[in-house]
C-alpha cells in the first residue's frame, strides 16, 4: 500500500460530526420521512420496553431493549424501521401514567398486523378485560369462539406482541394459579399488584 | 431470519460513519452534512425495493457518489468565492479537513470520485466502476492518474 493510499484510508474525521449528521437525519425523517415502523426504548419499572408504532398504531411492545425485535419487525412489516422517539411519545405518556397509577385503560390505537386467525381473536377478547379484573384461559378461548381451545388460547397469549396494553397478564388459571407470562412471572405479579388484583388469585 | 434486508436503523448505524467520511473526502466538511441528509433520505425512499442480500455498502456509496457529483455540479454553476473568502462564521471551508483530502478535492472530477470511492469508500474496482457507470479498466486508470498526481503534489 502506498503512503498516499494509507493517508487516504487513514484520515480521521471528528466522530461528533458524524453523530450530529445522524441526529439531523433522524429529525428530518421524523418530520417527513417515509418511515413504516418507528420505535423507541423507554424506561419502566419493569425495565426497558421497546415500543414500536406504525401509521395505524401501536404494533409491538417488548420487554428488554432492541434484541432481535428490530429484525423481526423488518421481516414481518417493513425494513423501514427507525428509532424516532417523537412518534412514540403518545404511547410512552400513557405507559408512564399507567405505571404511576394514574391510568386504567390505554387509548392509543392498536395495529393488529402481527397477529392472525385465532390468536388475533383471543388477543382482541383479552384487550376487553378491564383494569383490575381477571379472566381465565377457558374464558378468553370461549370469547374467541372455541371454549375447548383453552390450550391454544394459552399459546396465543404467550405470543402476544403487545403485552401490558393488550393485558394478557389478566388471564390466569381457573383454579387460581397465575399461569404463565412471557415476560416472566415476576412481571405478571407486578402488573397484577399494580392493578390491585393479585389478592383475587389464590396462590 | 435469513438474509432479509436489515432494519434501516441498523443500516444507518453501520454505514453512516463511512458514508460521512466518504462525503467529507469528496465534497468537504461544509457540504458533507447536506449530502449526507440527501443520501440517506434517498436511501430511505428506495429501501423497501432493495433485493434481499444486496451489497448495501456499495449501494449507499453509489447514492452518496451521485449526491457528491450533484454538489460539485451546482458549485460550478454558482460563482466561486474569490481567494480566501472565509465561509461559515469566518472559518475557511477546509478547516479541520485532513490535508490529503483537501488535495483530492482539487483533482479532476472523475479522478477524484474514483480515488475516493476506492480508498475512502473502500469499494473494489468493480463496484467503483458500477457506481461511476464506467468499465473496470477506466476506474483503475482514473485511480492511477489520481494517485500519480497526488504523489507529484505531495513530493
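Residue numbers (our numbering), protein chains in the order written: chain G, 1 to 203; chain V, 1001 to 1155.
Glycine is no exception: its CB is placed at the ideal position from the N, C-alpha and C atoms.
Backbone secondary structure at residue i - three-state DSSP
i: residue 1094(V); result: At residue 1094(V), the pLDDT of 46 sits below 50, so the modelled position is not reliable; the number obtained from the coordinates is stated separately. DSSP places residue 1094(V) in coil when its eight states are reduced to three.
i: residue 40(G); result: strand
i: residue 83(G); result: strand
i: residue 181(G); result: coil
i: residue 1074(V); result: helix
i: residue 60(G); result: strand
i: residue 206(G); result: Outside the shown range of chain G, which is 1 to 203, sits residue 206(G), and nothing can be said about it.
i: residue 1089(V); result: Bear in mind that a pLDDT of 40 at residue 1089(V), under 50, signals an unreliable position, so the number given afterwards is only what the model happens to contain. Of the three classes helix, strand and coil, the one that applies to residue 1089(V) here is coil, per DSSP.
i: residue 51(G); result: strand
i: residue 202(G); result: Only weak support exists for where residue 202(G) lies, its pLDDT of 49 falling under 50; the coordinates are left without a value.
i: residue 35(G); result: coil
i: residue 1115(V); result: helix
i: residue 165(G); result: coil
i: residue 172(G); result: strand
i: residue 1142(V); result: helix
i: residue 1048(V); result: helix
i: residue 1084(V); result: Only weak support is given to the placement of residue 1084(V): the predicted model assigns it a pLDDT of 45, under 50, and the value that follows is read from those uncertain coordinates. Three-state DSSP puts residue 1084(V) in coil, outside helix and strand.
i: residue 4(G); result: helix
i: residue 144(G); result: coil
i: residue 191(G); result: helix
i: residue 46(G); result: coil
i: residue 186(G); result: helix
i: residue 1122(V); result: coil
i: residue 26(G); result: helix
i: residue 1135(V); result: coil
i: residue 116(G); result: coil
i: residue 158(G); result: helix
i: residue 1063(V); result: helix
i: residue 1108(V); result: coil
Segment limits, alpha helix (DSSP H) that includes residue i
i: residue 1019(V); result: 1008–1027
i: residue 110(G); result: Residue 110(G) -> no alpha helix (DSSP H), and no H or E assigned at all.
i: residue 149(G); result: Here residue 149(G) belongs to no alpha helix (DSSP H), and DSSP marks it neither H nor E.
i: residue 91(G); result: 89–99
i: residue 1104(V); result: 1099–1104
i: residue 1127(V); result: 1125–1132
i: residue 75(G); result: 69–76
i: residue 103(G); result: Neither: residue 103(G) is in no alpha helix (DSSP H) and is coded neither H nor E.
i: residue 128(G); result: Note, residue 128(G): premise wrong, no alpha helix (DSSP H); not H, not E.
CB contact flag (residue i, residue j, <8 Å)
i: residue 106(G); j: residue 195(G); result: no
i: residue 103(G); j: residue 94(G); result: yes
i: residue 110(G); j: residue 57(G); result: yes
i: residue 63(G); j: residue 51(G); result: no
i: residue 187(G); j: residue 46(G); result: yes
i: residue 1107(V); j: residue 1073(V); result: no
i: residue 197(G); j: residue 128(G); result: no
i: residue 1019(V); j: residue 1036(V); result: yes
i: residue 1042(V); j: residue 1063(V); result: yes
i: residue 1121(V); j: residue 1011(V); result: no
i: residue 1128(V); j: residue 1118(V); result: yes
i: residue 13(G); j: residue 1116(V); result: no
i: residue 161(G); j: residue 192(G); result: no
i: residue 84(G); j: residue 1008(V); result: no
i: residue 23(G); j: residue 1017(V); result: no
i: residue 1139(V); j: residue 1114(V); result: yes
i: residue 1028(V); j: residue 1105(V); result: yes
i: residue 207(G); j: residue 1044(V); result: Within the shown structure, residues of chain G are numbered from 1 to 203, placing residue 207(G) beyond reach of any answer.
i: residue 1112(V); j: residue 1146(V); result: yes
i: residue 156(G); j: residue 182(G); result: no
i: residue 1065(V); j: residue 1131(V); result: yes
Contact test: residue i Cβ vs the ligand HEM heavy atom, cutoff 7 Å
i: residue 36(G); result: Ligands in the displayed structure: none, and consequently the ligand HEM is not present.
Neighbour list for residue i in chain C, Cβ cutoff strictly below 7 Å
i: residue 1010(V); result: Given the protein chain composition of this structure (G and V), no chain C is represented.
- Short-range partners of chain G found in the segment 1023–1057 of chain V, where Cβ spacing is below 8 Å: Residues of the segment 1023–1057 of chain V that bring their beta carbon within less than 8 Å of a beta carbon in chain G comprise 1024, 1025, 1029, 1032, 1033, 1036, 1037, 1040, 1041, 1044, 1045, 1047, 1048 and 1050, in sequence order.
- Note down, in chain order, all residues in the segment 18–33 of chain G with a beta-carbon under 7 Å from any beta-carbon belonging to chain V. 18, 21, 22, 24, 25, 28, 29 and 33
- Query: the segment 105–134 of chain G: which residues have C-beta closer than 9 Å to a C-beta of chain V, in chain order?
  - Reply: Of all residues in the segment 105–134 of chain G, none comes within less than 9 Å of chain V when Cβ atoms are compared.
- Name the residues in the segment 71–88 of chain G whose C-beta lies less than 8 Å from a C-beta of chain V; which are they? 71, 72, 73, 74, 75, 78, 79, 80, 81, 82 and 83
- If you measure beta-carbon to beta-carbon, which residues of the segment 39–66 of chain G are closer than 7 Å to chain V? For chain V, none of the residues of the segment 39–66 of chain G brings a beta carbon within less than 7 Å of one of its beta carbons.
- Query: Mind listing which residues of the segment 143–175 of chain G have their C-beta closer than 8 Å to chain V's C-betas, in chain order?
  - Reply: none
- Query: Between the segment 1106–1130 of chain V and chain G, which residues of the former have CB atoms less than 9 Å from a CB of the latter, in chain order?
  - Reply: 1115, 1116, 1118, 1119, 1120 and 1122
- Message: Can you pull out the residues from the segment 1059–1081 of chain V whose beta carbon lies closer than 7 Å to at least one beta carbon of chain G?
- Response: none
- Query: What residues in the segment 1–12 of chain G have a beta carbon less than 8 Å from any beta carbon of chain V?
  - Reply: 2, 4, 5, 7, 8, 9, 11 and 12
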